[in-house]
Structure formats: structure tokens, C-alpha cells
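Inspection log for the structure reproduced underneath, given as C-alpha cells.
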Amino acid sequence: MPQMGESITEGTLTKWLKKVGDSVQRDEPLFEISTDKVDAEIPSPAAGTLTEIKVQEGATVTINTVVALIGGGSSATSASAAPKPAAAPAPAAPAPAKQPEAPKPAAPTPAAAPAASASQGQQARTSPLVRKIAKDNNIDLGNLSGSGAAGRITKGDILSYLENPTAKPATAAPAAGPKPGDLVPMTKMRAIIAQRMVESKRTSPHVHTVFKVDMTRIVKLREKEKSKYEQRNGVKLTYMPFIARAAVATLLKHPIVNASLEGDSIRYNRNVNLGIAVALDWGLIVPVIKQCEEKSFLGIARGIVDVAERARGKKLAPDEIAGGTFTLTNSGIFGEQFGLPIINQPQVGILGIGGLNKEAVVLTDKDGQDTIAIRSMQHFSLGFDHRIVDGSDAGKFMADFKSFLENWSEPIG
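Each number in my numbering corresponds to the 1-based position in the sequence shown with 206 added.
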């Protein structure tokens, strides 16, 4: 069972795509899994013959559990899942967006609850999240029809069931939440998030610098173009692609902020792979938009919308939540001025996006005359690893980032 991000501790094997005795090729889809954040097909880590299936469909197991054996050559190969994706920013859960995603503290992942009985005595195929919802609302999963693969009951299925009062079991009653004075054990997800946060702070000497950016030019451009933009391109024009494009351009100019530390060496990453924190009903995930340096403004805008929609629908592939080189976390949506996010290892930089507000600002013209005007101002904070990023590097990066946004001149498509 592969690890699909730092905050995911278990998954449900929903379907075997091969049976014992079948030959498989390396990277050929072998089985399907479902977690609280991602549904995915897992490729075979080796070529050979599937000699033994150790975990049956519908079973939920922890990450790194051996689920099958693949024979071939002189020894058997454990099919405990395809190569592990690189750590996905769980930091973004608590600090990043937690600042958390990424900004906002991730909602605890429910611990696996015993699977309810399905009709005809068969075990319902569900994710741990669905079983938790069912348990909290006293719902018999046997009353639901699953729309997922092999009849699996999805989160959407059970939420639709809950929204229909006439379909609720008579015994259905929401479980009471924690009260003051209660001692509630951490979920596995929260425990891992806590561990990753401490590890990141222990690993990287964190330093933050905060810049205030005049976004008036971009605000006016967006207001003028947003209706035509959506009609023309089929995607809403938000502020995020402006920020992401500015970050990409600035990272290319200051590659040390897009780097990572490997032992006593610095890895200057070839591509700019942006992690974008996405808030979910059940937590937080940071999908990665790869090779942003090759994308236009429109390409980045579409990429942000695409990964956000598929993240909420649990349609991301394993490698889409791994491999980031720099993270954007938008905690400003809650109204805060700015935050100080924790770095997603092994990255060395994370950009916190603060709230966008109108302020009275002193403007000085070319003749040195001062006036007061109402401007749209936004705080941005850069968290950086002081082992390889100096304060001067961070200051130059943020100054160029600020200039790019305040003097926006690129076509938006």
C-alpha cells in the first residue's frame, strides 16, 4: 500500500485489476485504492507473475502493508505498491495552509471505523471517511447503493443520503462533538501532521520576511476582464494565477529559492513545480502543478482550477501530490493580514498569501508631491530555509515578486 502524501496513513484496496497467475508488466495498473483524499490506480513496481494476493478487495490497511507478491526471475517482488511518491506537503495542512495547506489546519482524518454490513451480508466497500460519517450518523451502509468502482460507496453517496431527510434511518442522529473539558485522542492524521511540523521546524532554521504589495493594477485588470475571460476560456479569472505566475517568474530569476538541500549539496531544480493548497471538506491537500515555467498565464489558471476540482473529487493521481519545489498557501481567505507558514520539506521556500484589503496609502509623484489614495493592498510572507537561503536572497526575491505584480504587463490570455 503506497503512501499518498504525508497526512494519509491508510487506504482501502477497492479492486484488483489482475488475478493470481496473471502476468504483469512494470507500471501496468495492478489494483485500485481509495483514501480520504485520493482515488487512484496503482501500477506494478516490477514485471513478472502475480503469485499471491495478500489483501482482498474492500480491506483497509495501513501504508507500506504488503498487499501481494510478484514472482519472476530468481526471487519474488513485494507489490506493496508502486514507488512511493515524494512527501506531499502535510505541512500545508497545519502550518502551510495551516497557516496553516497551505494554510489552514487540516481537518482531522477520521480513524477507520468498523465497516457496516452491506446488503446480502457483504461488507460495504468504502473509505475510512465514509465509514466515519456512517458511524457518526448511525447509518447502515447496507441501505446505500455505491456509485464508485465495483459498487464502492463514495463520500458523495453518503452525503447525498444525509441530505435527503426521508431517506435517513429512524435512528440517525449526529454524534455530539467534543465539549469543554473532554480529552479526545489525536487521529492518525493529526498525529502525523504534528510529527511533520516538528520535523520541518527541527530540520530547517525558519526565517520569514513580509512584504506589502499594491495590487490595485491587478484588481482593476481583473474587474475589467473577468466576464470576457470566463466566456472566452471557460475558466474563472481569480487572483491566484496572477500570484502563481509572478512566483514562477521570480523563482526562475532566483533559483536558490526553488532549490532543495541534499546532504552537503544544493539541488537546483530544473523545473518549477508549484504546490497549491486546496481546502477540502475533510481536510487539506496540496496538489502540484508541474513544469510551470513552460505554462502561459492561461495554462497556469487552468491548471489551478483542474487540480482543485480533481482534489475535491478525489481524482488526483499519486504523482500529482508529490514533487513540488515551492508552495503557495492562501490563508488570507479567512481575513488574516498575513501568516508565517512552515516549509514543506525538502523545499526551502513557501509563500503565504495574506488578505486583500483597501487601505489609505501615501503616494508620491515624480515631482515629490504626496497624495493619499485608496489602494488594494495585500501582504505576502516568504518562509525560507536559512541554511541555503540568505536574508538578502529572500529580500531580492520578494522585491522582484512585488515589482512583477505591481507593474503587471503580461497578457492573461
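In this text, a Cβ means the ideal position worked out from N, Cα and C, and glycines have one as well.
Sequence-distant residues of the same chain with beta carbon closer than 8 angstroms to V567, five excluded per side: For V567, where only same-chain residues beyond five positions count, the Cβ hits under 8 angstroms are D420, I578, A579, I580, R581 and M583.
Distance between V441 and I510 (C-alpha atoms, nearest Å): CA-CA distance, I510 to V441, rounds to 10 angstroms.
Under the three-state DSSP convention, the category V595 falls into: Reduced to three states, the DSSP call for V595 is coil.
Assumed close pair I482, L534 - CB separation to whole angstroms, cut-off 8 angstroms: Between L534 and I482 the Cβ distance is about 6 angstroms, and since that is below 8 angstroms, they are a contact.
Closest by C-alpha distance to M207, when choosing among K224, K407, P447 and P249: Nearest of K224, K407, P447 and P249 to M207, Cα basis: P249.
C-alpha distance - V425 paired with N550, whole-angstrom precision: If you draw a straight line from the Cα of V425 to the Cα of N550, it is about 30 angstroms long.
Length of the line joining the Cα atoms of G264 and L457: The C-alpha of G264 lies about 44 angstroms from the C-alpha of L457.
Per DSSP, the bridge partner or partners of R581: Partner(s): E565.
Inter-residue spacing [alpha-carbon to alpha-carbon] between I472 and S466: Distance between the alpha carbons of I472 and S466: 6 angstroms.
Through-space distance from F586 to L562, alpha-carbon basis: Whole-angstrom Cα-Cα distance: 10 angstroms.
Straight-line gap, R593 to G555 (C-alpha atoms, nearest Å): Whole-angstrom Cα-Cα distance: 11 angstroms.
Cβ-Cβ distance between F237 and K459 below 9 angstroms: In this structure, K459 does not lie closer than 9 angstroms to F237 by Cβ.
DSSP-derived helix/strand/coil call for G509: The answer is helix: DSSP assigns G509 an H, G or I state.
Endpoints, the alpha helix (DSSP H) within which K426 is located: Taken as a continuous stretch (DSSP letters only), the alpha helix (DSSP H) holding K426 covers T422 to N439.
Bounding residues of the alpha helix (DSSP H) (the contiguous stretch that carries I549): Looking at the DSSP string, I549 is not in any alpha helix (DSSP H), and its letter there is neither H nor E.
Nearest-angstrom Cα separation, counted from Q262 out to K520: The alpha-carbon atoms of K520 and Q262 are separated by roughly 22 angstroms.
Sequence-distant residues of its chain with Cβ nearer than 6 angstroms to E418 (five each side left out): Looking at the sequence itself, residue 418 is Lys, so the reference to Glu does not match. M583 and H585, listed in sequence order.
Beta strand (DSSP E) segments (min. 3 residues) lying fully within the segment 448-495: If you keep only unbroken beta strand (DSSP E) runs of at least 3 residues inside the segment 448-495, you get 466-468, 471-473, 480-482, 484-486 and 489-491.
Range of the contiguous beta strand (DSSP E) that encloses K221: E216 to W222 is the extent of the beta strand (DSSP E) around K221.
Enclosing beta strand (DSSP E) for A523 [first to last residue]: Segment: none, A523 is in no beta strand (DSSP E) and carries neither H nor E.
Same chain only: Cβ atoms within 6 angstroms of A605, ignoring 5 sequence neighbours per side: Here the set comprises nothing.
V272: first and last residue of the uninterrupted beta strand (DSSP E) it sits in: In the DSSP assignment, V272 falls outside any beta strand (DSSP E), carrying neither H nor E.
Local Cβ density within 10 Å of R402, reported as buried at 16 or more and exposed below that: Under this definition R402 is a buried residue.
Pair within 9 angstroms by beta-carbon distance, F448 and L611: Yes.
Segment limits, beta strand (DSSP E) that includes F237: Its beta strand (DSSP E) spans residues P235 to S240.
9 angstroms Cβ cutoff met for T415 and G601: A contact, by the Cβ cut-off of 9 angstroms.
Pick from I239, L275 and T241 that is closest to A252, judged by C-alpha positions: In terms of Cα proximity to A252, the closest of I239, L275 and T241 is L275.
For K418: DSSP bridge partner residues: In the DSSP output, where bridge partners are listed per residue, K418 has H585.
Sequence-distant residues of the same chain with beta carbon closer than 7 angstroms to T570, five excluded per side: Excluding the 5 residues flanking it on each side, T570 has same chain C-beta neighbours closer than 7 angstroms at D576, in chain order.
As assigned by DSSP and simplified to three states, the class of V261: Coil, per DSSP.
Environment of Y474 [buried if 16+ CB atoms lie within 10 Å]: It counts as exposed.
CA nearest to the CA of T255, picked from T268, S229 and V244: Of the candidates T268, S229 and V244, the one whose C-alpha sits nearest the C-alpha of T255 is S229.
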